[in-house]
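Numbering (my numbering), first residue to last: 485 to 649. Don't be surprised by glycine CBs; every beta carbon is placed ideally from N, CA and C. These figures come from a predicted structure and were not determined experimentally.
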């Protein structure tokens, strides 16, 4: 039987540092699982504004400047173990646009965060991130990071990101 639930509109924020590492948070509900900040787009909300809002809510007031976004949106389906959560009862998964950003201030991630979705933050090599993200999100991450890689490499002036097939 085909799942008739819609995908939830969502944004993901890929913040890079000068070395090309990605800001990631370890999920509070899944120790050892790391992901980029992300969140839902409110009805009528512009996706770029949603990206700034979600980053501020999840990471705190560590400012960012958006450099680019994916043309494509990447979908993933929620796994069965999430079935008891309200979001998975309403939506089959998420449909994400990924925003590439850089930090604009020196505040540490987590200062001023209003959600406890993450227990800590770190900077990870893109290859390590792809190994540590939840399996059900991995294909979406691979596609989005592959699409963003040329922009990252151009921005950094060096080919530092290579996403393997």
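Asked                                                                                                                                                                : Found
Would the beta-carbon of residue 585 fall within 7 Å of that of residue 499?                                                                                         : yes
How close, in whole Å, do the beta carbons of residue 513 and residue 576 come, if the pair is a contact with beta carbons under 8 Å?                                : In fact, because the Cβ distance is near 20 Å, the residues do not count as touching under 8 Å.
Excluding the 5 residues flanking residue 644 on each side, which residues of the same chain have their C-beta closer than 6 Å to its C-beta?                        : 504
Are the Cβ atoms of residue 647 and residue 622 separated by less than 7 Å?                                                                                          : no
What residue does the beta strand (DSSP E) around residue 610 start on, and which one ends it?                                                                       : From DSSP, residue 610 is part of no beta strand (DSSP E) but of the alpha helix (DSSP H) over 610–616.
Assess, as a yes-or-no matter, whether the region 514–522 is touched by the region 551–561 under the definition of 3 or more beta carbon pairs within less than 8 Å. : no
When DSSP builds the beta bridges, which residues end up paired with residue 585?                                                                                    : 499 and 550
Any idea what DSSP makes of residue 637, helix, strand or coil?                                                                                                      : helix
Going by the DSSP bridge assignment, what does residue 491 pair with across the sheet?                                                                               : 577
So, are the CB atoms of residue 537 and residue 557 less than 7 Å apart?                                                                                             : no
According to DSSP, is residue 508 part of a helix, a strand, or is it coil?                                                                                          : strand
Using three-state DSSP, classify residue 604 as helix, strand or coil.                                                                                               : strand
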